[in-house]
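Written out below as structure tokens is the structure these notes cover.
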Amino acid sequence: SSKMIRSFAKNVLRRSRPVGLQIRTNYIGLKAPNFSAEACMPDNTFKSISLSDYAGKPVVMYFYPADFTFVCSSEVPGYSQLNAEFEKEGAQLIGVSMDTVHVHKAWKNAPSELGGLSGFDVNHPIIGDASGEVSDLFDVRMDDGEGLPCRAVFLIDEDGTVMAEHRNADPIGRNTKEALRMLQALHEHKKTGKVIPADWTPGGDTMETSTESVDEYLKKLKSK
């Protein structure tokens, strides 16, 4: 299977790499690995979910290092506040950390004085990847001694293809709106067949794949 081939190739590369060189997985253009994992749901119940549960719709999947920490306490509410916009685009938002689902529930219900998120509606599943299996599948664990996930986000198309991925180091919080912009850009491309230039937002200029279109776009850009 393709999964076995990828695993074999990765192991060969690991054995042959120079000391200190880490081999990283790049899933762009490939099918995202399926998984089954327990999640803390919006109503604080626990449920096993799989990526395949959301087949036929885009998935925005973000990883973060840990509950009850600092930057993470800004990111999870940030994604939650955008969830209505993700849903408007037909997408499923999923969070992942290596905390247990019980810690997720406690974090969601704790007051901000204790580092909790009780003032926010965490309105999407948060996977409790305590074994690290999902983080390993997406190759997002940091080589920092603890092996926690970095701040990674994956945009997965309706057919399960990874169309974008982004990773930040622990101290650097993400622009949560960028995940929404990427999703909107993907939908614009699918709808029009045009390619999406840098810093595009809905309603902005797109491009044909021609020199003439590049010329037109750059002249408009220069005149702004």
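The sequence shown begins at 24 in the numbering used here and counts up by one.
No residue lacks a Cβ here, since even glycine has one placed at the ideal position from N, Cα and C.
Roughly how many angstroms lie between the CA atoms of Gln21 and Asp144, to the nearest whole one?
Limits of the chain in this structure are 24 at one end and 247 at the other, which puts residue 21 out of reach.
From Ala202, Ser59 and Glu211, residue whose alpha carbon lies closest to that of Thr229
Glu211
Figure out for me which residue from His189, Ala78 and Pro172 has the closest Cα to the Cα of Gly113.
Closest by alpha carbon: Ala78.
Sequence-distant residues of the same chain with beta carbon closer than 6 Å to Phe91, five excluded per side
Trp130 and Gly138
Taking the beta carbon of Leu140 as the centre, do at least 16 other beta carbons fall within 10 Å, making it buried, or is it exposed?
buried
What's the call for Leu244, buried or exposed, on a 16-neighbour Cβ count within 10 Å?
So Leu244 counts as exposed.
Provide the residue(s) that pair with Gln104 in DSSP beta bridges, ordered along the chain.
Paired residues: none, contrary to the question.
Leaving out the 5 sequence neighbours to the left and right, which residues in its chain are closer than 6 Å to Glu108 when beta-carbon positions are compared?
Counting only Cβ-Cβ distances below 6 Å, and skipping sequence neighbours, we find Leu203.
Per-residue burial, Asp162 [other beta carbons within 10 Å of its own, 16 or more giving buried]
buried
Counting Cβ pairs, one atom from each stretch, are 3 or more of them under 8 Å apart for the region 62 to 71 and the region 82 to 96?
no
For Lys70, which residues of its own chain have a beta-carbon under 8 Å away from its beta-carbon, when the five flanking residues on both sides are left out?
Glu61, Ala62, Met64 and Pro148
Beta-carbon within less than 6 Å of Gly101's beta-carbon, same chain only, minus the 5 sequence neighbours each way: which residues are those?
Thr199
Measuring only the C-alpha atoms, how far is Thr48 from Asn146?
C-alpha separation (whole angstroms): 30 Å.
So, for Ser246: in the same chain, excluding its five sequence neighbours on each side, which residues have a beta-carbon less than 7 Å away from its beta-carbon?
none
Go through its chain and collect everything with a Cβ distance to Ser75's Cβ below 6 Å, but skip five positions before and after it.
Asn57
Secondary structure of Lys200, DSSP reduced to three states
helix
Taking the runs of the beta strand (DSSP E) that are 3 residues or longer, which of them lie wholly in the region 154 to 213?
174 to 179 and 185 to 191
Is it buried or exposed, His127, if we count other Cβ atoms within 10 angstroms and call 16 or more buried?
buried
Going by DSSP, name the residue or residues bridged to Cys63.
Phe69 and Ile149
Would you tell me roughly how many angstroms separate the C-alpha atoms of Ser135 and Tyr85, rounded to the nearest one?
22 Å
Go ahead and pull the three-state DSSP assignment for Phe109.
helix
Only counting the same chain, and skipping five residues up and downstream in sequence, which positions put a Cβ closer than 6 Å to that of Ala187?
Taken in chain order, the residues that qualify are Leu178 and Met205.
Residues that Tyr85 bridges to, as DSSP identifies them
Gly118 and Val176
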